[in-house]
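For the sequence shown, counting from 1, position 218 maps to 218 in UniProt numbering; every step adds exactly one. We treat Cβ as the ideally placed atom computed from N, Cα and C, and that holds for glycine. Since this is a predicted model, take the numbers as computed values, not measurements. Scroll down for the structure; my scribbles are underneath it.
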Amino acid sequence: MFSNKDEFKEFFLKRLESMCGKGFEQSTKRDQYHTLGNMVREYISSKWIETKELYRADNKKQVYYLSIEFLLGRLLGQNLLNLQIKDVVEEGLKDLHISLSEIEECESDPALGNGGLGRLAACFLDSLATLNLPGHGYCIRYKHGLFDQKIVDGYQVELPEQWLRHGNVWEVRKPEEAVEISFWGRIETNYTNNILTFKHVDAEKVLAVPYDMPVVGYQVDTVNTLRLWNAELAAFGPDQDILSYKRETEAITDFLYPDDTHDHGKILRLKQQYFLVSSSIQSIIASYKKERSNLRELHHYVAIHINDTHPAMAIPELMRILIDVEGFSWEEAWEVTSHTVSYTNHTILSEALEKWPVHLFKPLLPRIYMIIEEINERFCAELWERYPGEWERIEHMAIIAHGLVKMAHLSIVGSSSINGVAKIHSNILKNREMKSFYEFYPWKFNNKTNGISHRRWLLKANPQLTALITNSIGNEWVKQPEKLIELRNHVDDPLLIEQFANVKRKRKEILAKKIAEKNGIKVDVDSIFDVQVKRLHAYKRQLLNVLHIMYLYNRLKEDPNYFIQPRTFIFGAKASPTYYYAKKVIKLIHSLAEKVNNDPRVSQVIKVVFMENYRVSLAEDIFPAADVSEQISTASKEASGTGNMKFMMNGALTVGTLDGANIEMMEEIGADYIFTFGLTADEVLKYEENGRYRSMEYYHHDQRIRQVVDQLTNGFFNEDEGEFESIADSLLVQNDQYFVLRDFASYIDVQEKVGIAYQDRVTWLKKALVNISHSGLFSSDRTIQQYAEEIWNITPVLQSNQK
1 MFSNKDEFKE FFLKRLESMC GKGFEQSTKR DQYHTLGNMV REYISSKWIE
51 TKELYRADNK KQVYYLSIEF LLGRLLGQNL LNLQIKDVVE EGLKDLHISL
101 SEIEECESDP ALGNGGLGRL AACFLDSLAT LNLPGHGYCI RYKHGLFDQK
151 IVDGYQVELP EQWLRHGNVW EVRKPEEAVE ISFWGRIETN YTNNILTFKH
201 VDAEKVLAVP YDMPVVGYQV DTVNTLRLWN AELAAFGPDQ DILSYKRETE
251 AITDFLYPDD THDHGKILRL KQQYFLVSSS IQSIIASYKK ERSNLRELHH
301 YVAIHINDTH PAMAIPELMR ILIDVEGFSW EEAWEVTSHT VSYTNHTILS
351 EALEKWPVHL FKPLLPRIYM IIEEINERFC AELWERYPGE WERIEHMAII
401 AHGLVKMAHL SIVGSSSING VAKIHSNILK NREMKSFYEF YPWKFNNKTN
451 GISHRRWLLK ANPQLTALIT NSIGNEWVKQ PEKLIELRNH VDDPLLIEQF
501 ANVKRKRKEI LAKKIAEKNG IKVDVDSIFD VQVKRLHAYK RQLLNVLHIM
551 YLYNRLKEDP NYFIQPRTFI FGAKASPTYY YAKKVIKLIH SLAEKVNNDP
601 RVSQVIKVVF MENYRVSLAE DIFPAADVSE QISTASKEAS GTGNMKFMMN
651 GALTVGTLDG ANIEMMEEIG ADYIFTFGLT ADEVLKYEEN GRYRSMEYYH
701 HDQRIRQVVD QLTNGFFNED EGEFESIADS LLVQNDQYFV LRDFASYIDV
751 QEKVGIAYQD RVTWLKKALV NISHSGLFSS DRTIQQYAEE IWNITPVLQS
801 NQK
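Right, dumping it as C-alpha cells:
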C-alpha cells in the first residue's frame, strides 16, 4: 500500500471510507490521521510478527527495559521516517490537498513521561530496534500522564492529559496475556517435608492487561515492543465495596507520579511500582517458559534492566516467583536474580533516592517485604564478615534501617551491574555517594554516558539541517552518526556557513511564528534565541537565569547607553504539582516577562517567553531554533543531561557549568567551543562538607546581587510583596542550597562573552558547526552498543535479507 503514491492514495481513500463511514469530502483531519495511522500500523504488523518469530527461532538473549516513564513523542512522523515511506505518503496526501504536517498535529504526545528519564528510555528503544538488538520496554499505560500545563495569570494550573481521548492507533490490547497482581492480605507459611512454602491469602487482586506498541527501527526490518500495563478489575469478593475497589484499581494507572506528600499518595506510588514490576516479571517468565523449561538458565537468555529505583522491586518479585511458584531454594533463586538484573542510577539527590516507610510497605506488599527483609539479613551478615564490629558502616549500608526500605541499596545489592550516566556522575557515585558499596562491590560499577536518538532530534526535528549535512558529507552519517565528524573538515567553507545561517534563521522563523500564535509575543529572529527548557527544579537553576535577566533589565533602565546584543529568553518547564518553590519560579518568570515585554525601551532589546506545556512535539520546534543552550545546573547535581546533547546536535552553543555530560562535550569539542562558568563539582562538594558557604556575604558585597534579590520582595513586580518571599528566603534565610548567588557574577561574565561572540556571526556559526560535527559521539546508538556489549551481553538478530 506504500509502494507508490497512486497505490497509497487508492488504499487511503478506501480505508477512510470503511473506517469512518463517510466519503473523503466529509472527512475531518482527525479521520484522516486515524486512517493513515491504522494503515501504517498494519504495514508494521508483518515486520513486528516476523521479528517476534525470529527472536524465538534465534534463541538469543533479550533485554527487558523497565522504566516508570517512556516519553515517546508523536509516533506517526517518526514511523514514516523509519519505514522510509514518508515521501510516498507526503506526495500522495499532497495530491489529495492534505498536509501531512496538519495531520500530524492531530496526534497527541503519549503521556507516558515527564523529562529526561523518560526521553532517554524512548531514545534507547529507538536505538535497540535500529541496531537489530532484541530489546523491549515495559511501562504503565497512564490514562492522564503527568498533567497538561496551563498558565493562568502566570500561575501553573494542572489539568488531566487527555491523550487517549480519541484512542491510540499504535497500541494492540492483549487481554489473553493479562496477569493478576496481589496487594494487602497476609502470608501463610507451611513447613512440610523439610520444605517451607508461602501462600498469599486475603489479597486484593488487580488485573494487569497489556497494550503493546511497536518500536520501529530505522531502515531495518526489526520491530521491537513497548508493553504498557493497564490496571483493570479482577474477580472480587462479595464483601468488597465494588465502587471503592474500582476507584482504587483505576487510580493505579491514572497518573504518572501521584502526589506522595501524604500516606495515601505514598501507597498509590508503591502500588504503581509493584504493579509495573510484577506484571512485567510475570510476563517475562511466561514468555521464557514457552521456549525453555530450565529457569536456572534464565540469566543466560534474559537481561532485566531497572531504569532508576522505581522498578527496584523487580529484584524481590523475581525472587518471589522463583521461590514461591517455581520451587527454587533461596540460594538458587538469588543466583539467577542477581545475574539477571542490572541497574542505572540517574541521580545523587537524596530526595530522589527512594526510601519507603516500613509501616506502609509491609502491609501493602507482605511477601515482597519478607523477601527484602531476608535479602537485607543476608547482606548484613556478609557485611559483618567483611567488617566485623563496624556497626555504623553496616547500618549505613543496610537495605532496611530506621523504619525505611532503601530502594537504591536494594538495587545495588540485587544487581549484577550498576552504572552512572556520565563520567563525573559515575565517579561521584563511586567516590562519594555510594563509596561504601563501591568498596564492597567494585566490579559492579561502571559508566554509560547518556545519548540521544539523532533520528528524532535531527532527522525528524530538523530536516533542513539534515539536508544541509547530507549535501556536505553524504548520507553515511545517518546510519553511523559518528561520521558527523567529517563535517568539521568543511566548517571554514563560506558557502556552508551561509547555508547554515539560512537554515538556522528558517528554524527561528518557525519558532517565532509559534510564539506569536501561542503567546501573542512578537520576537526578533535576529536576536539571540537563548533557551532553557527542562523540568523545573531548584538544582537546574532556572532562578539563576531569571536573576540575570533582572540584572540586564536594571542595567538597561539605569544606563541609556548600555548596549547588549538583542536577546530572546525562552523557557519551557513543568513543575511538579506539589513542588511549591518550582511553581513560584514559574510565576516569577511570567511576572518578569510581563515587566520586560511591556517596557517600551527594554522590550526592543530583550524579550522573555515561557512556552506552555513543554513536551516532545514542542521541543522539536525549540531545539533547532536555539542559538544558546542553558545548561546551568549546580555542578555535581545533574547526572548527565540529554537536552545539552540535543541543542549541540542542532547547532546551539552551550552556556554551562562543568557538570554531567557538559564536561564530556567540552572534552570532545574543545574549551573554545563552549561557554563554561561557575563552581566545579569538587568545589561544591567541599562547600557542602565544610559548611563554610555564606550566601549573605555575597548579598552584602555585590550590589548587583543585592538589587535583584531585593526586587523579589520590594514591590518591583506588580505583585503582592510576599509573592516571591519564599524565593528570596531560599537564597538568604536557607543559605542558597544550590549556590545561585555564588555563581551569579561568573554567570554575568560568561553571558557578556556570549553577547560579544555572537556579534562575529561567521565565527559563531563556525563554532556551531563544530558542535554539530562532534555530536555523533552523543548518539544513543553508541550508548546502547555499550550497554549491549558490557552489561546485557546481547547481540544483533538479523533478518535473512540483512545477513
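Span of the beta strand (DSSP E), counted from its first residue to its last, around residue i
i	result
V66	Val is not the amino acid found at residue 66; the sequence shown has Leu there. Taken as a continuous stretch (DSSP letters only), the beta strand (DSSP E) holding L66 covers Q62 to L66.
Q156	Y155 to L159
K444	Note, K444: premise wrong, no beta strand (DSSP E); not H, not E.
M213	E204 to V216
R56	Here R56 belongs to no beta strand (DSSP E); instead the alpha helix (DSSP H) covers K29 to D58.
W229	V223 to L233
E630	V628 to Q631
Residue range of the alpha helix (DSSP H) that includes residue i
i	result
V421	Per DSSP, V421 belongs to no alpha helix (DSSP H) and is neither H nor E.
C20	K5 to C20
N644	G643 to M649
S287	D263 to E291
K504	P494 to N519
R615	Unbroken run through R615: none, as it is neither H nor E.
A635	Note, A635: premise wrong, no alpha helix (DSSP H); not H, not E.
R488	Careful: R488 lies outside any alpha helix (DSSP H) and carries neither H nor E.
Neighbour-count burial assignment, residue i, 16 or more Cβ in a 10 Å radius
i	result
M696	exposed
Q78	buried
K637	buried
V580	The question names Val, yet the displayed sequence has Tyr at residue 580. Exposed, because fewer than 16 other Cβ atoms sit within 10 Å of the Cβ of Y580.
G113	buried
H136	buried
S67	buried
F677	buried
S99	exposed
residue 804	Lying outside 1 to 803, the shown extent of the chain, residue 804 is not represented and no answer is given.
residue 804	Examination of residue 804 is not possible in this model, given that the chain is present from 1 through 803 alone.
Neighbourhood of residue i by C-beta, 6 angstroms cutoff - its chain only, sequence neighbours within 5 removed
i	result
E326	L295
Y155	K587
E177	P210
K430	Y438 and F445
L777	E668
Sequence-distant residues of the same chain with beta carbon closer than 7 angstroms to residue i, five excluded per side
i	result
E433	I348
E476	K483
K246	L233
R541	I632, S633, T634, Y738 and V740
A728	V709, L712 and T713
F379	I399 and V413
Neighbourhood of residue i by C-beta, 8 angstroms cutoff - its chain only, sequence neighbours within 5 removed
i	result
T253	I140, R141, Y142, K143, W229, N230, A231, Q272 and F275
I622	L511, V531, V533, I570, G572 and M611
G715	E721
L268	A251, I252, P258 and D260
L556	Y562, I564, R601, V602, V605 and I606
I549	F569, L592, V596, I606 and V608
Proximity below 8 angstroms, CB of residue i to CB of residue j
i	j	result
V628	V655	yes
S453	C106	no
Y138	S280	yes
S27	L36	no
H299	V336	yes
A352	A661	no
N82	L798	no
I794	V63	yes
G414	S338	yes
F24	G92	no
I44	V223	yes
Q480	I528	no
L71	G118	yes
G641	G73	no
S436	M397	yes
V616	D308	no
Complete runs of the beta strand (DSSP E) confined to the segment 529-603 [at least 3 residues]: 567-572
Entirely enclosed alpha helix (DSSP H) segments - the segment 83-122, minimum 4 residues: 86-95 and 100-104
Continuous alpha helix (DSSP H) assignments of at least 4 residues falling wholly in the segment 769-793: 780-787
Start-end ranges of the alpha helix (DSSP H) lying completely within the segment 334-406, minimum 4 residues: 358-364, 366-386 and 391-397
Ranges of the alpha helix (DSSP H) found wholly within the segment 674-747, counting only runs of at least 4: 681-690, 695-701, 703-711 and 725-731
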